[in-house]
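Only one structure is covered here, and it is reproduced in the block below.
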Amino acid sequence: MNIEKLIRTNIKNLKPYSSARNEYTGEAMMFLDANENPFNEPYNRYPDPLQREVKEKIAVIKGCEPSQIFLGNGSDEPIDLLFRAFCEPKQDNIVTIDPTYGMYQVAADINDTEVRKVKLDESYHFSAEELLKAADNNTKLIFICSPNNPTGNLLDKNEVIKLIEVFSGIVIIDEAYIDFAPDASMLPELNKYENLVILQTFSKAWGMAGIRLGMAFANSEIIKILNKIKYPYNINMLTQQKALELLLQEQEKKEWVEILLTERKKLENTLKDLAFVQKVYPSDANFVLVKMHDARGIYDYLVENGIIVRDRSKVVLCNDSLRITVGKPEENEILIEKLKELI
Ligand SMILES: *Cc1c(COP(=O)(O)O)cnc(C)c1O
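Take 276 as the starting number for the sequence shown in our numbering and just add one per residue.
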């Protein structure tokens with residue numbers, strides 16, 4: 276595997292911006308190097324461009340090296356940077372499954388890169404062979420989302436591994452919902468595959484969507500490329516501080532996950548007994564995809580009652596389906612009550 280050969284030439288040749296905080300990183304009596312205002316501490320200072328303290332903590336929790344971590348403004352940032360690093364606009368393409376998370380298509384469109392979508396089967400699984408068949412010499416990235424959004428299911432690990440082993444480009448596994456699927460992460464495989472990128476986020480199980488912090492795990496060569504092209508201070512000081520604080524609450528996160536998994540089970544069981552519900556798809560995430568008669572009508576009815584769910588009824592293989600996030604116990608109860616009133 277030669278990652279170097281996959282990088283766009285302009286990115287390979289790029290001389291990155293070197294910030295004051297990059298050039299000198301030690302302790303000092305005074306910092307007169309970055310044209311900061313000396314007053315209004317601590318907000319007057321630029322944040323650590325490489326977020327070293329945060330990465331140290333994450334590395335311990337995840338069992339990897341800090342050099343294998345990239346932090347972005349949500350997962351959206353590494354998704355965009357992967358396109359910018361590897362996909363030559365108007366020439367290269369990516370392969371992904373359908374349906375899946377909408378940001379891959381948006382990032383591809385922004386970067387003028389073709390998306391080759393391979394439909395999942397009726398039970399929302401994919402075949403590595405079919406994805407590889409859709410790829411050609413200009414395919415640089417394959418995006419797999421597992422557990423998949425909006426279908427909710429984990430994808431077959433053997434198929435994922437086959438993809439990584441056979442594909443000569445980079446395979447990105449988006450694990451935004453992995454905390455809800457115990458022991459299913461591909462992270463333990465990270466050292467085995469040079470072309471594997473795993474995306475995780477603080478937006479879901481960790482309960483920090485508001486601070487915008489996403490993680491990409493990969494071998495240090497890929498991480499270096501992402502660091503080279505990111506905005507120098509992509510993670511602001513407030514986000515880094517808050518993340519350091521909230522990373523100490525891992526136990527609380529685990530408790531939230533336990534509650535949400537119990538609530539999901541309850542929701543699945545009650546939903547499937549409602550007369551207008553045709554199918555509750557199996558979920559490994561913190562949401563359920565539910566197929567029902569007149570999904571749009573039910574969506575509108577819920578909106579009228581102040582309950583917003585996601586209408587996915589126009590999405591491939593999701594016709595007549597709503598995606599419902601698992602809420603607090605009392606929220607889920609109200610949802611069920613309102614739906615029962617329809618019968
Ligand atoms: C919610 C979600 C994310 C998280 O995106 P952030 O930018 O980190 O908030 C990433 N991938 C998928 C599939 C998601 O559903």
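Here a beta-carbon is modelled for each residue, glycine too, at the ideal position from N, C-alpha and C. Predicted, not measured: the structure shown is a model, and the values here were computed from it.
Note that the C-beta distance between Pro-425 and Tyr-452 is not below 7 Å.
Secondary structure of Arg-587 (DSSP, three-state): coil. For Cys-420, the CB falls within less than 6 Å of some heavy atom of ligand 1.
Remark: the C-beta of Ala-491 is outside contact range of ligand 1, defined as less than 6 Å to any heavy atom.
Under the Cβ criterion (8 Å, minimum of three pairs), the segment 512 to 529 does not count as touching the segment 377 to 392. In the DSSP secondary-structure assignment, Leu-610 is not bridged to any residue.
In the DSSP annotation of this structure, the continuous segment of the alpha helix (DSSP H) that includes Val-381 starts and ends at 378 to 385. Ile-534 counts as exposed, since fewer than 16 other beta carbons sit within 10 angstroms of its beta carbon.
A direct Cα-Cα distance of roughly 33 Å separates Asn-348 from Glu-405. At a threshold of 6 Å, Thr-476 counts as near ligand 1, since its beta carbon sits closer than that to one of the ligand's heavy atoms. Between the alpha carbons of Pro-457 and Asn-433 lies a gap of roughly 17 Å. Placement of the Cβ of Ala-451 at a distance of less than 6 Å from at least one heavy atom of ligand 1 is found.
Residue state for Asp-355 is assigned as helix, using DSSP reduced to three classes.
Taking Leu-465 as the centre and dropping the five residues before and after it, the same chain places the C-beta of Cys-339, Gln-343, Leu-471, Ile-473, Phe-492, Ala-493, Asn-494 closer than 8 Å to its C-beta, in chain order.
Taken through DSSP and simplified to helix, strand or coil, Ile-453 comes out as helix. The segment 287 to 357 contains, as complete alpha helix (DSSP H) runs of 4+ residues, the segments 295 to 298, 327 to 337 (chain order).
Distance from the CA atom of Asp-454 to the CA atom of Val-532, rounded to whole angstroms, is 7 Å. Within a 10 Å sphere around the beta-carbon of Val-335 sit fewer than 16 other beta-carbons, which makes this residue exposed. Around the beta carbon of Gln-524, fewer than 16 other beta carbons lie within 10 angstroms, which makes this residue exposed. Take Asp-308, set aside five residues on each side of it, and the residues of its chain with a beta-carbon closer than 7 Å to its own are Ala-295, Tyr-299, in chain order. Lys-392 and Ala-303 have their alpha carbons spaced roughly 53 Å apart. Look at Met-483 here: in three-state DSSP terms it is coil, with no helix or strand label. Gly-489 is bridged by DSSP to Gly-347, Thr-476. For Glu-389, the three-state secondary structure derived from DSSP is strand. With fewer than 16 other beta carbons inside 10 angstroms of its own, Arg-571 counts as exposed. For the segment 480 to 556, the full-length beta strand (DSSP E) segments reaching 3 residues or more read 489 to 492, 552 to 555 along the chain. Out of Glu-331, Phe-401, Asn-412, Ile-609, the CA that lies nearest to the CA of Asp-367 is found in Asn-412.
Annotated three-state conformation of Arg-283 is coil, per DSSP.
Asn-423 sits in coil when the DSSP states are folded into three classes, being neither helix nor strand. Assignment of Leu-471 by DSSP, reduced to helix, strand and coil, places it in the strand class. Between the segment 539 to 549 and the segment 500 to 507, the count of Cβ pairs shorter than 8 Å is below three; the stretches do not touch.
With respect to the 7 Å criterion, Lys-415 and Leu-281 are classified as neighbours on the basis of their beta carbons.
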